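*Asks:* Okay, handing you the structure first.
Numbering (our numbering), first residue to last: 53 to 247.
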């Protein structure tokens, strides 16, 4: 069986566009579970180095979405319990869980899509429609992993020379803001150089 990386970029883009569109615009829980499972399996098959952190991040987003929905939306008839005179209903909890599965499944599909569709494949795909748009899209997608790597390098460098201290929460926030500021400055400067 050939991997997606060996297929025509138009076929791969059409597949992921269809999978994401069907998952996002339907409220069928079976389709959401299929989309989530497919995205999770494809993501683990890619075996990227950051996969454990990504799994934890996506699942924490899903948990937050699943539990926030019942707190703010009280639609439903079956009251599970009451918090501050607000009923938490079974129906809103199930709807929140369904929405969380949909969002996390789409995040997994987009992660796999961004791994498979490299800059040259996007240039091939969109170059016939508009070469300028294809160049801008591929450059924009290139900056996401580049900024993440540069942010990690800046954090390590600042920690090594003693600028970043993580003694308490305020120091950690200051350190994160220093890293963010340096990363944004580097990104803007690099963008001007490339332009």
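No residue lacks a Cβ here, since even glycine has one placed at the ideal position from N, Cα and C.
This one's a predicted model, so the numbers in the text were calculated from it and none came from an experiment.
(1) What number of angstroms, rounded off, separates the C-alpha of residue 169 from the C-alpha of residue 140?
(2) Is the beta carbon of residue 157 less than 9 Å from the beta carbon of residue 87?
(3) Out of 92, 127, 204, point me to the one whose CA is closest to residue 305's CA.
(4) Pick from 106, 143, 148, 128: whose alpha carbon is nearest that of residue 119?
(5) Short check: CB of residue 74 to CB of residue 83, under 9 Å?
(6) Confirm, please, whether the CB-CB distance from residue 123 to residue 131 is below 9 Å.
(7) Tell me the DSSP bridge mates of residue 249?
(8) Using the C-alpha atoms, what's the distance from residue 207 back to residue 216?
(9) Suppose contacts are defined by Cβ-Cβ distances below 9 Å. Is residue 227 in contact with residue 237 by that definition?
(10) Note down, one range per segment and in chain order, each alpha helix (DSSP H) of at least 4 residues found wholly within the segment 98-174.
(11) Quick check on residue 180: does DSSP put it in helix, strand or coil?
(12) Skipping 5 residues on each side, what residues in its chain have a beta carbon closer than 6 Å to that of residue 127?
(13) What residue does the alpha helix (DSSP H) around residue 65 start on, and which one ends it?
(14) Take the Cβ of residue 192 as the centre, count every other Cβ of all protein chains shown within 10 Å, and call the residue buried at 16 or more, exposed below.
(15) Check residue 206 in the structure and name its three-state DSSP category.
(16) Out of 220, 195, 175, which one is the CA nearest neighbour of residue 186?
(17) According to DSSP, is residue 186 part of a helix, a strand, or is it coil?
*Replies:* Based on what the coordinates show:
(1) 42 Å
(2) yes
(3) Any answer about residue 305 is impossible in this case: the structure gives the chain only from 53 up to 247.
(4) 148
(5) yes
(6) no
(7) Since the displayed the chain opens at 53 and closes at 247, residue 249 lies outside it and no answer follows.
(8) 8 Å
(9) no
(10) Runs of the alpha helix (DSSP H) inside the segment 98-174: 103-124, 142-168.
(11) coil
(12) 144, listed in sequence order.
(13) 61-77
(14) exposed
(15) helix
(16) Comparing alpha-carbon positions, the option among 220, 195, 175 lying closest to residue 186 turns out to be 175.
(17) In the structure shown, residue 186 sits in a helix (DSSP, three-state: H, G or I).
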